[in-house]
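The structure appears right after this line, and notes come after that.
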Ligand code: AP5
Ligand code: MG
């Protein structure tokens, strides 16, 4: 079970990926979460990534590809994994295809969560993210049980630096230019499915389960 979650920033990739990973007991690999953890720990990678992320730009491919290729070869990925936020450019998709080819494997599903730009902008302002476990909330749609505290791990939940309205617009522009072409890439590979991401979360989840079984 090797799944890619596609979709604009804020489409619900992380929300859905977490649930799918729990259901199938496979690792949830979010490049955004990996970078945020590195920024929090002050690592070299975090220092390199931070400027790009705060501006809503993509981190250069060379900082991302090796990291993911190494991660998916870890033992816990033997039964599958779910990629959230990777690939995000055609060169990243090619690097992934090549790395899997080299070990006689391929991705099984690419699921595109469709949400229009206007709804994305509205969602992002209300989002709160946990720096501990990566869980996401929305102050109105999906509030935590206790204000400001993650239900799953008890850490503080915060407004991400890149969720400011002007940065969100740039992230959307970058998405349309650099990431949306992946929809055709995976259509050509014959593994693309789309779900309507404007539905309630549990309905989106049910649609995804309908695709991946
Ligand atoms: P990343 O962390 O991947 O951010 P993103 O793609 O911009 O996506 P988000 O995490 O913002 O949204 P999501 O789709 O996960 O939505 P969520 O589930 O949270 O990347 C951040 C940055 O890191 C990038 O900009 C880039 O700089 C860098 N980066 C990462 N990967 C990279 C790569 N491969 N290459 C280069 N650079 C990379 O949901 C959003 C909100 O909506 C939440 O509040 C949620 O509660 C709510 N919500 C979810 N579903 C629903 C629903 N059905 N109805 C109502 N509300 C909902
Ligand atoms: Mg996310």
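Numbering (the working numbering), first residue to last: 1107 to 1319. Glycine included, every Cβ here is placed at the ideal spot set by N, Cα and C.
What do you reckon, are the CB atoms on residue i and residue j nearer than 9 Å?
i            : j            : result
residue 1201 : residue 1167 : yes
residue 1250 : residue 1256 : yes
residue 1237 : residue 1263 : yes
residue 1135 : residue 1172 : no
residue 1223 : residue 1278 : yes
residue 1276 : residue 1161 : yes
residue 1111 : residue 1186 : no
residue 1241 : residue 1188 : no
residue 1234 : residue 1254 : yes
residue 1285 : residue 1194 : yes
residue 1177 : residue 1159 : no
residue 1151 : residue 1164 : no
residue 1138 : residue 1221 : no
residue 1231 : residue 1269 : yes
residue 1248 : residue 1149 : no
residue 1145 : residue 1153 : yes
Using the DSSP secondary-structure output, state which residues sit across from residue i in a beta bridge.
i            : result
residue 1218 : 1112, 1300
residue 1136 : 1190
residue 1243 : 1234
I think residue i touches residue j, with their Cβ atoms under 8 Å apart; what is that distance to the nearest whole Å?
i            : j            : result
residue 1109 : residue 1214 : 7 Å
- Assess, as a yes-or-no matter, whether the region 1112-1127 is touched by the region 1220-1228 under the definition of 3 or more beta carbon pairs within less than 8 Å. yes
- Query: Curious, which full-length beta strand (DSSP E) runs of at least 3 residues does the region 1245-1305 contain?
  - Reply: 1298-1302, all fully within the region 1245-1305.
- Are at least three pairs of beta-carbons, each pair with one atom in the region 1193-1200 and one in the region 1307-1316, less than 8 Å apart? no
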